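Step one of this worksheet: look at the structure below.
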């Protein structure tokens, strides 16, 4: 049921986001008997303003009120993923090349348990984290347990 609702919300979002010049960064839906929660994270070149969130919220809310995919009421939250956003999808890593990130690797990874540095895309489809100390950690997307962008220590972020 949750997957069907997420898919339906994505269908409703695509024309809204496309028309307004936004991209869907992430979507979270938690359903309950009486109240459901929808969290939509959007991005666009140059960043997302409060007014942008309000525009998307008003349009999606109107579409959800007509489509009515929830058994009860729902709470809708629209926001930017923020400067220290979580990286949860391969596309997040690919689009974050050149950014400073902190990663925690899965148990069994042949390398450090965690590392911080600048993300790079590798030609063979993997990734590299170039550390400030001059080292590098090569990894696949599936090696990562958790990751997020962060501010570079001693840098501009």
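In my numbering, the protein residues as written are -11 to 145.
Ideal Cβ positions, reconstructed from N, Cα and C, are used throughout, including at glycine.
Being a predicted model, the structure only gives us computed values, none of them experimental.
Taking the alpha carbon of residue i as the point to measure from, which residue in the options has its own alpha carbon closest?
i           : options          : result
residue 119 : 109, 52, 16, 104 : 104
residue 113 : 55, 81, 141, 88  : 81
Taking the alpha-carbon positions, what's the residue i to residue j distance?
i           : j           : result
residue 145 : residue 14  : Unreliable placement is indicated for residue 145, whose pLDDT of 48 sits below 50; the coordinate value is still reported in the next sentence. Roughly 22 Å separates the two Cα atoms.
residue 6   : residue 43  : 13 Å
residue 100 : residue 90  : 12 Å
residue 35  : residue 12  : 13 Å
residue 95  : residue 122 : 24 Å
residue 93  : residue 69  : 22 Å
Let's test the definition: count the other Cβ atoms within 10 Å of the Cβ of residue i and tell me whether it reaches 16, buried, or not, exposed.
i           : result
residue 79  : exposed
residue 71  : exposed
residue 135 : buried
residue 40  : buried
residue 28  : buried
residue 24  : buried
residue 54  : exposed
residue 139 : exposed
residue 157 : With the chain covering -11 to 145 only, the question about residue 157 has no answer from this structure.
residue 137 : buried
residue 38  : exposed
Quick one: what's got a C-beta closer than 6 Å to residue i's C-beta in the same chain, skipping five residues either side?
i           : result
residue 116 : 108, 110, 124, 126
residue 58  : 24
Given residue i, which residues of its chain have a CB within under 8 Å of its CB, disregarding the five upstream and five downstream residues?
i          : result
residue 20 : 60
Near residue i, what residues of its chain come up, given a Cβ to Cβ distance below 7 Å and the 5 sequence neighbours on each side ignored?
i          : result
residue 85 : 107, 108, 109
For residue i, list the residues DSSP reports as bridge partners.
i           : result
residue 62  : 24
residue 51  : Residue 51 pairs with nothing; no bridge assigned.
residue 132 : 93
residue 15  : 28
residue 109 : 115
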